[in-house]
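Undergrad:
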Amino acid sequence: MSNEILLYIGALAILDMFSPAIIGVSVYVLLVGKKKQTQLIVTYITTVIVFYFCTGVFLMLGLDIIFNPIADALSSNTAKILMTIVGAILFIGSWFVPKKKFAESPKPKQFKVNAMIALGITTSLLEVATAIPYFASIGLMISNEFTIYEWLPVLAVYNVMMVVPALVLLLLHMLFRRFMQKPLRSLQALFQKNTSSALSWIMFFVGLIMLANGGNFG
């Protein structure tokens, strides 16, 4: 496990910190929820962390144990070439993401704990298929032959990093509740109007990271 790979994974985790769904739900609860906002947001982000962590563990174990030949192939020069090609596709494709004027953020139907758990599972299911940085990180760990003792804590830290912005917003709201309404509304509008732009930037940086890692043949 090299520091260079950890830096790549850290950069991908930072990209995943700007999830429109996680931030959108958190902002909505802080703006509209009347009580138990802390409990509701913590419940939601915990559900997201558990879902993504379990998904990551399943993929790591599945590719390593069930599809062992694939895992071996991922450490070859052929895999490096494929990673370079995929990185190039993402990099080029980032310039052609269609612009959308408005994207509705997911919202809880009720401000209850069970509703937040359901929303956490639902939004995770909807977003996991397009979680480009997350899958790229898993690919990096597999291709660089991380052992379970290495990738398990990395995966845990990655998932916690994903929800840091939501936790920061919650903390700021707890400390400066009176002054946070306007910034939260501005943030909500920003994410609603620039979802496609966020995807474009994510594809751009993930492409660069995959190109950098894929170019290390040998």
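Reminder that position 53 of the sequence shown reads as 40 in my numbering, one-by-one numbering, no gaps.
Backbone N, C-alpha and C fix where the C-beta goes; we use that ideal spot for every residue, glycine too.
Since this is a predicted model, take the numbers as computed values, not measurements.
1. Give me, in chain order, the residues of the same chain whose beta-carbon lies closer than 8 Å to that of residue 104; leave out the 5 immediate sequence neighbours on both sides.
2. So the candidates are 21, 167 and 118; which of them puts its Cα closest to the Cα of residue 43?
3. Going by DSSP, what residue range makes up the alpha helix (DSSP H) through residue 105?
4. Determine the direct distance from the alpha carbon of residue 173 to that of residue 37, and round the result to whole angstroms.
5. Check this for me: beta carbons of residue 175 and residue 18, under 8 Å apart or not?
6. Which term fits residue 207, buried or exposed, when burial requires 16 or more other beta carbons within 10 angstroms of its beta carbon?
7. Does the structure place the segment 165 to 172 close enough to the segment 142 to 153 that three or more beta carbon pairs sit under 8 Å?
8. In this structure, does DSSP put residue 58 in helix, strand or coil?
9. Apply the 10 Å Cβ neighbour rule to residue 89 and answer buried if 16 or more other Cβ atoms are within range, or exposed otherwise.
10. For residue 121, which of 41, 161 and 15 has the nearest alpha-carbon?
11. As a quick exercise: from 16, 137, 49 and 6, pick the residue whose alpha carbon is nearest that of residue -8.
12. Based on Cα-Cα distance, which residue from 47, 102, 10 and 154 lies nearest to residue 126?
13. For residue 4, which residues from the same chain have a beta carbon less than 7 Å from its beta carbon, with the 5 sequence-adjacent residues on both sides left out?
14. Mind checking whether residue 0 and residue 114 have CB atoms under 8 Å apart?
15. Cβ atoms of residue 124 and residue 10: under 8 Å apart, would you say?
16. Between the Cα of residue 112 and those of 6, -11 and 39, spot the shortest distance and give me the residue it belongs to.
17. Under three-state DSSP, which class holds residue 123?
18. Could you have a look at residue 42 and say whether DSSP puts it in helix, strand or coil?
19. In terms of residue numbering, what span does the alpha helix (DSSP H) encompassing residue 13 cover?
TA: Taking the coordinates as given:
1. Residue mapping note: residue 104 aligns to position 117 of the sequence shown, counting from 1. Answer for residue 104: 30, 31 and 34, listed in chain order.
2. In the sequence shown, residue 43 corresponds to position 56, counting from 1. Closest by alpha carbon: 118.
3. Working through the sequence shown from its first residue, we reach residue 105 at position 118. It spans 100 to 115 - the alpha helix (DSSP H) in which residue 105 sits, taken as one unbroken run.
4. Stepping through the sequence shown from its first residue, residue 37 is reached at position 50. Stepping through the sequence shown from its first residue, residue 173 is reached at position 186. Going by the C-alpha atoms only, they are around 29 Å apart.
5. Indexing the sequence shown from 1 puts residue 175 at position 188. Indexing the sequence shown from 1 puts residue 18 at position 31. The criterion of a C-beta distance shorter than 8 Å is satisfied by residue 175 and residue 18.
6. A query on residue 207 cannot be resolved here, the shown segment of the chain reaching from -12 to 205 and no further.
7. Touching, no.
8. Along the sequence shown, read from residue 1 onward, the residue named residue 58 stands at position 71. Any reading at residue 58 must be qualified, since the residue scores a pLDDT of 49, below 50, and its modelled position is unreliable; the value itself is stated next. In the structure shown, residue 58 sits in a helix (DSSP, three-state: H, G or I).
9. The count along the sequence shown starts at 1 and reaches residue 89 at position 102. Only weak support is given to the placement of residue 89: the predicted model assigns it a pLDDT of 44, under 50, and the value that follows is read from those uncertain coordinates. Classification for residue 89: exposed.
10. Numbered from 1 along the sequence shown, position 134 holds the residue referred to as residue 121. Among 41, 161 and 15, the Cα nearest to that of residue 121 is on 41.
11. Counting from one through the sequence shown, the residue named residue -8 turns up at place 5. Answer by Cα proximity: 137.
12. Position 139 of the sequence shown, counting from 1, holds the residue named residue 126. Here the closest residue by C-alpha is 47.
13. Counting from 1 along the sequence shown, the entry for residue 4 is found at position 17. Counting only Cβ-Cβ distances below 7 Å, and skipping sequence neighbours, we find 148, 149, 151 and 152.
14. Residue mapping note: residue 0 aligns to position 13 of the sequence shown, counting from 1. Residue mapping note: residue 114 aligns to position 127 of the sequence shown, counting from 1. Taking 8 Å as the Cβ cut-off, residue 0 and residue 114 do not qualify as a contacting pair.
15. As a working note, residue 10 is residue 23 in the sequence shown. As a working note, residue 124 is residue 137 in the sequence shown. Contact: no.
16. For this step, residue 112 is matched to residue 125 along the sequence shown. Closest option to residue 112, Cα to Cα, is 39.
17. Looking up residue 123 in the sequence shown gives position 136. Residue state, collapsed to three classes: helix.
18. In the sequence shown, the residue the question calls residue 42 occupies position 55. For residue 42, the three-state secondary structure derived from DSSP is helix.
19. In the sequence shown, the residue the question calls residue 13 occupies position 26. That run of the alpha helix (DSSP H) goes 7 to 19.
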